[in-house]
Amino acid sequence: MSSNRFSLSSASFSAPSRGRWFRRRIITLAVLSLAAGSVNLARAQTVVASAPAAASTPSAQETSLPPIEVLAAPPMNPLTVVTDPKTPRQPLPASDGADYLKTIPGFATVRSGGTNGDLVLRGMFGSRLGILTNGAALQGACPGRMDAPASYISPESYDKVTVIKGPETVIYGPGASAGTVAFERDTPRFDAPGMRFDGSLVGGSYGRNDQNADLAAGTQDMYARIIANHAHSQDYKDGDGNAVPSQWDKWNADAAIGITPDANTRLELTAGTGDGYAKYAGRSMDGVHFRRETFGLRFDKKHINDVIQRIEAQVYYNEADHVMDNYTLRAPDPLSSMPMPMASEVRRRTAGGRVAATLNLADPLTLVTGVDVQANKLDSRSAMAMMGAASVDYGSQPWRANATMWNIGAFGELTWDLSETKRAIAGLRVDRSSARDDRPTVSGMMGMTKPNPTFGGERVNYLPSGFARYEQDLAGTPAMWYAGIGHSERFPDYWELFSPKQGPAGSVNAFSSIQPEKTTQLDVGAQYKTEKLDAWVSAYAGMVQDFILFDYTPGMMGATSRATNVNARIAGSEVGGTWRPAKAWRFETSLAYAYGHNADSGGALPQIPPLEARFALGYAHRAWSAGALWRVVAPQRSVALGEGNVVGKDFGPSAGFGVLSLHAQYDFSKKVQFTIGIDNVLNKSYYEHLNLAGNAGFGFPANTPVMEPGRTAWARLRVKL
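Here the sequence shown stands for residues 1 to 721, where the numbers follow the UniProt record's numbering.
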């Protein structure tokens, strides 16, 4: 693709220097306008005498609040988990998307501080896991993933989280070989003018405090919704009483206004913004800004005729603007490789769209088909000061283009109901993925810059993906089983093309030589459900050709990263069950295991989480409930020293541990709920295997892991009106 093909998108990206200030003012005005509209809609309710009051609000049954969740709900469909992020969870309510998802079997996070961990699913990292918010892609900008995609997500501001494990769908975008996560908001519909509110307050150890508010107002024909939240925590202490640099603060505000002329039609305009900061024990810099701006327009029409069941169309623009420095939340270390104040601002601007149709081809055949497109532009600016200076004026520096990336994909996913008990699902997707290297220079020896040999170069790949799965309900038994095979080809992401200092042996850099990954994976599983017992099991095995691997070589100026391609084998399983021996009692358990093998070297793949089990006991009687969670993690001795991904590497085996947590809950009514919890009751001192070594700037010795929080008490009050 030639460079001039990005001209239309480039026009939208090249905002003037005051553009960010203007956009934030527009978002603020939009939120205030929607708030005023909500009040007016509420006033309108009082003048609609013919509308019964009950019509504008859900029934009492619908407004009753769910109990605390310590293990994720069992899969609703094969390989698919759907959860409610507003439901209270243990451990402590999540600070971001990664913190929330790690409670689902198969997920883990790479810790670098108190928040903004990086997600891992079944041992797979980065863009192998697709993450969508309201159908739009929002990715981070930092070349070291300090602002991982999930760090911009406040889970409680969404209504539903859908997880699809494995390469078993093609309709949510390219390259998600490990799985797909969709954070979604429902459409608030009203039978009569009215308002709804859902809010919560959280307080806990180490200064933790959250405030969440979700207000919607509307009529049959339109609605407005405002979602705002703020969360904060100070440095926590580990089980030995040692303070861990981990302070963070975040806020978000989102607004939506929609038109619903009938029950099958929606046109919605959205806008959102947010910011925050985070101190990182495991990095040489802290994140002092995590600015987010999002705009979107969505159209949805259902039941058009006997053939066209649904039409969806969406366009969006997302911007992540991240600032990192080594002086705002810490003092520069005069003995480190960064002894003077330094700051860097990185930015990713994403424009995208999607059009899809659901077609009823015949009574047993349903096809979802469409096209999606995405364009990303990444740039940065940085500055440093003399030793002894208090700060750096990075904002006066010019922006430096780093990369431009495009993707356009066409997909089709067919469901064939063979009978009342048998189904076949298959999908096919083709993507045209490309990237351009916009860096005129790159870093060289001793921190000096040198001309970039691939400056202005562009690479293009056409990548097919697909899957086929068979599902069967067992006759006379409340059980079903499934088996599927999927193939996904993934274009290297920004961090794999542009972050490594070196590429494969003999290449000029990673951009010129890293090949797309090709994953072929078999998934099998079964589910069983009765009044007293739910049980499920899933297992997978696959081969990854050209798996993108990072290795780190120590040097005088720190470790040098290299990205290479290897062949790999992966396998694993998740198992879970719930037993209800009596009306008041509930026993739950889950088990997750992942395996990775480097077929080229004969060793292990790095950054594979260890075997993990969870056991939960719950008791509920009328308005009261209480329970316990015991999380047990095995030692991990299968490691690849010095190898990993763009965020972390294996620096040794890790010990196993067990953590006990307790909780209790009281429902004052169907609309007011109070939950308390104590995580790590025994004040265990431990760390996770997936970890960043503590940074020397905070006094951590080399390869010392970042410890987990010690005993943590918290309370949560939720009100839903």
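Here a beta-carbon is modelled for each residue, glycine too, at the ideal position from N, C-alpha and C. Values in this document were obtained by computation on a predicted structure and should not be read as measured data.
Fill in: Tyr470 to Ser433 span [Cα, whole Å]
The alpha-carbon of Tyr470 is positioned some 30 Å away from that of Ser433.
8 Å contact criterion, which Glu420 and Asp551 should meet: CB distance rounded:
Cβ atoms of Glu420 and Asp551 stay farther apart than 8 Å, at about 53 Å.
From Glu688, Ser538, Pro78 and Ala385, pick the residue whose C-alpha is nearest to that of Ser590; which is it? Nearest in C-alpha terms to Ser590, of all of Glu688, Ser538, Pro78 and Ala385, is Ser538.
Hey, how far is the Cα of Val48 from the Cα of His303? Confidence is the limiting factor: at Val48 the pLDDT is only 35, short of 50, which leaves the residue's position unreliable, though a coordinate-based value still follows. Roughly 30 Å between the two C-alpha positions.
Quiz item: Hey, quick one: how far does the beta strand (DSSP E) through Tyr316 stretch, first residue to last?
Solution: It spans Ile308 to Asp325 - the beta strand (DSSP E) in which Tyr316 sits, taken as one unbroken run.
| query | At what residues does the alpha helix (DSSP H) containing Gly97 begin and finish? | reply | Secondary structure note for Gly97: its alpha helix (DSSP H) is the uninterrupted segment Gly97 to Leu101.
- Message: Would you say Asp221 lies against chain D (beta-carbon separation less than 8 Å)?
- Response: Of the chains in the structure shown, none is chain D; there is only one protein chain.
CA-CA distance, Phe651 and Arg283? Approximately 15 Å, taken between the alpha carbons.
At 4 residues or longer, what runs of the alpha helix (DSSP H) sit wholly inside the segment 578-640?
If we require 4 residues or more, the segment 578-640 turns out to have no alpha helix (DSSP H) run fully inside it.
Q: With DSSP collapsed to three states, give me the class of Arg716.
A: Residue state for Arg716 is assigned as strand, using DSSP reduced to three classes.
Beta-carbon gap between Leu121 and Leu129 smaller than 8 Å
With respect to the 8 Å criterion, Leu121 and Leu129 are classified as neighbours on the basis of their beta carbons.
* Asked: Going by DSSP, what residues sit across from Glu458 in a beta bridge?
  -> DSSP lists Arg436 as partners of Glu458.
- What is the residue span of the alpha helix (DSSP H) that Trp495 lies within? From DSSP, the alpha helix (DSSP H) with Trp495 extends over Tyr494 to Phe498.
Q) Ends of the beta strand (DSSP E) at Ala216? A) For Ala216, the enclosing beta strand (DSSP E) covers residues Arg208 to Gly218.
Can you grab the Cα-Cα spacing for the pair Glu184 / Glu168, in whole Å? Roughly 19 Å separates the two Cα atoms.
State buried or exposed for Thr270, treating a residue as buried only when at least 16 other CB atoms are found within 10 Å of its CB.
-> Taking every protein chain shown into account, the CB of Thr270 has 16 or more other CB atoms within 10 angstroms, so this residue is buried.
> Asp393: buried (16+ other C-beta within 10 angstroms of its C-beta) or exposed?
Replying inline: Flag for Asp393 reads exposed.
Report task. Measure how close the beta-carbons of Val600 and Asn567 come, nearest whole angstrom, since I'm counting them as under 8 Å. Result -> Per the sequence presented here, residue 600 reads as Asp, with Val not at that position. With a beta-carbon spacing of about 6 Å, Asp600 and Asn567 fall inside the 8 Å limit used to define contacts.
- request: Give the DSSP bridge partners of Thr415, in chain order.
  value: Thr366 and Ile425, per the DSSP bridge assignment.
Query - Unbroken alpha helix (DSSP H) run spanning Ser512, endpoints - result: If you look at Ser512, you'll find it in the alpha helix (DSSP H) that goes Ala510 to Ser513.
Here's the rule: buried if 16 or more other CB atoms are within 10 angstroms of the residue's CB, otherwise exposed. What is Phe668? Under this definition Phe668 is an exposed residue.
Notebook entry, point to check: Cβ atoms of Gly542 and Gln521: under 8 Å apart, would you say?
Noted result: With a cutoff of 8 Å on beta-carbon distance, Gln521 and Gly542 are scored as near each other.
On the CB-based measure, 16 or more other CB atoms within 10 Å of its CB, does Asn264 come out buried or exposed?
Counting Cβ neighbours within 10 Å, Asn264 comes out exposed, since fewer than 16 surround it.
Looking only at C-alpha atoms, which of Ala228, Glu588 and Met387 sits nearest to Pro155? In terms of Cα proximity to Pro155, the closest of Ala228, Glu588 and Met387 is Ala228.
Note to self: Do Thr109 and Leu605 count as a contact pair if the criterion is CB distance below 8 Å?
What the structure shows: Contact: no.
Subject >> Those residues which DSSP pairs with Met124 across a bridge >> reply: Met124 is bridged by DSSP to Leu121.
- Message: With H, G and I counted as helix, E and B as strand and the rest as coil, what does DSSP make of Tyr172?
- Response: In the structure shown, Tyr172 sits in coil (DSSP, three-state: anything other than H, G, I, E or B).
**Item:** C-alpha gap between Pro364 and Ser465, whole angstroms
**Value:** A direct Cα-Cα distance of roughly 24 Å separates Pro364 from Ser465.
Can you list, in chain order, the residues of its chain whose CB lies under 7 Å from that of Lys684, leaving out five sequence neighbours each side?
Gly239, Phe657 and Val659.
Point to revise | Check whether Tyr223 and Ala216 have beta carbons under 8 Å apart | key: With contacts defined as CB atoms closer than 8 Å, Tyr223 and Ala216 qualify as a contacting pair.
Kindly list the residues whose CB is nearer than 6 Å to the CB of Ile678, restricted to its own chain and excluding five residues on each side of it in sequence; keep chain order. Result list for Ile678: Leu662 and Ala713, in chain order.
| said: Just verifying my parser: in three-state terms, what is the DSSP assignment at Glu489? | reply: For Glu489, the secondary structure class from DSSP, reduced to helix, strand or coil, is strand.
Would you tell me roughly how many angstroms separate the C-alpha atoms of Tyr462 and Lys377, rounded to the nearest one? So the alpha carbons of these two residues sit roughly 20 Å apart.
Discussion item. If you measure between the beta carbons of Ala150 and Gly97, is that distance less than 8 Å?
Written reply: Contact annotation: Ala150 and Gly97 have beta-carbon atoms nearer than 8 Å.
### Message
Among the candidates Gly272, Arg189 and Leu359, whose CA atom is the shortest distance from the CA of Asn305?
### Response
Asn305 has its Cα closest to that of Leu359, out of Gly272, Arg189 and Leu359.
**Study point:** CA-to-CA distance, Met285 to Leu692, given in whole angstroms
**Key:** Each residue's alpha carbon lies about 13 Å from the other.
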